[in-house]
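**Student:** With positions in the sequence shown counted from 1, the corresponding number in the working numbering is that position plus 2.
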Amino acid sequence: MRRFAVIGLGRFGKKLAIALAMSGAEVIAIDKNRDEVELIRDQVSLAVRLDSTDEESLKAQGVDKVDVAIISIGQGTGRGFESAVLTVVNLKQMGVKQIYARAEDLIAGQVFEKVGAAEVIYPEIESAQRWAYKLIAPQIDEKIDFAPGYSLASVKAPVSFEGKTVMELQLRQKYNVNLVSIKRTAGAKDKKEGRSEKDSIINVPMPNTVIYEGDILMIAGSDADLASLPQE
């Protein structure tokens, strides 16, 4: 189970924390405001009131052990922006693997990138729900919703799929999803193994069709089942 820390429980942070928790992730929700912490306490794994600029307080709650941290501190005042920047720096020093920061404008985003944020979130452009799914299932490049809770997703074949046939992968039996088609991109491996150097589309994958790392798989299923697909 992936572990997330959401720091700053304003409108975006709260929605993101709840969406991640509903997807089955372990979520530590953090804010300086006691009321915000109490409102979300029963919907996440752990809700804590603390100052995220205090590195020791973050470590005491296990934030240094999370897989992903998202800073969503309000930046309406200079102090809020300063706190957000210091929090990114703290998390970077603590060795958190992936750090995302919510920015209210492009200049703030550039600052976050310079101090260590892997990616910047602009909530005015992208929804909390979309980001929750992106964080839960980074192996999914894009998806098309065709019914509430169901999508057709583009998934890059992970290393664990390398050299296995469609029958051996048992996607339907193991993950309750259906493989629709395969896009095979030309590359060095194609030349080495004598395959065509041109991109190709396999519209009807057969049980004996072999999957290679890097193949783009079009897979249909529920959002929850798609998120359970292996990432490596």
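Beta carbons: idealized from backbone N, C-alpha and C, even for Gly. Since the structure is predicted, the reported quantities are computational estimates derived from the model, not experimental observations.
Considering only DSSP beta bridges, list what A226 is partnered with.
**Tutor:** Taking the sequence shown and counting its residues from 1, one reaches residue 226 at position 224. In DSSP, A226 forms no bridge with anything.
**Student:** Quick one, which of Y177, P209, D66 has its alpha-carbon nearest S224's?
**Tutor:** In the sequence shown, the residue the question calls residue 224 occupies position 222. Comparing Cα positions, the closest option is Y177.
**Student:** Is V91 closer than 7 Å to A103 when the C-beta atoms are compared?
**Tutor:** Against the sequence shown, residue 103 aligns to sequence position 101. Against the sequence shown, residue 91 aligns to sequence position 89. Going by C-beta atoms, A103 is not nearer than 7 Å to V91.
**Student:** If the criterion is Cβ atoms closer than 7 Å, does the pair V65 and V46 meet it?
**Tutor:** The residue labelled residue 65 in the question sits at position 63 within the sequence shown. The residue labelled residue 46 in the question sits at position 44 within the sequence shown. Their beta carbons are not under 7 Å apart, which means V65 does not touch V46 by this criterion.
**Student:** Using only the alpha-carbon positions, how far apart do R36 and L52 sit?
**Tutor:** Taking the sequence shown and counting its residues from 1, the one referred to as residue 36 is at position 34. Taking the sequence shown and counting its residues from 1, the one referred to as residue 52 is at position 50. Answer to the nearest angstrom: the Cα atoms are 9 Å apart.
**Student:** Using a threshold of 7 Å, state whether the C-beta atoms of P160 and E234 are closer than that.
**Tutor:** In the sequence shown, residue 160 corresponds to position 158, counting from 1. In the sequence shown, residue 234 corresponds to position 232, counting from 1. It is a contact, given that the beta carbons lie within the stated cut-off.
**Student:** For I9, which of helix, strand or coil comes out of DSSP?
**Tutor:** For the purposes of this step, residue 9 is taken as residue 7 along the sequence shown, with counting starting at 1. Three-state DSSP puts I9 in a strand.
**Student:** Roughly how many whole angstroms lie between the Cα atoms of S54 and I75?
**Tutor:** Taking the sequence shown and counting its residues from 1, one reaches residue 54 at position 52. Taking the sequence shown and counting its residues from 1, one reaches residue 75 at position 73. If I take the Cα positions, the gap works out to 10 Å.
**Student:** Could you check how far apart the C-beta atoms of I213 and K166 are, in whole angstroms? I think they sit under 8 Å.
**Tutor:** Taking the first residue of the sequence shown as position 1, residue 213 is located at position 211. Taking the first residue of the sequence shown as position 1, residue 166 is located at position 164. That pair is a contact at about 6 Å.
**Student:** At the level of alpha carbons, what is the spacing between I138 and L171?
**Tutor:** As a position in the sequence shown, residue 138 is number 136, starting the count at 1. As a position in the sequence shown, residue 171 is number 169, starting the count at 1. C-alpha separation (whole angstroms): 22 Å.
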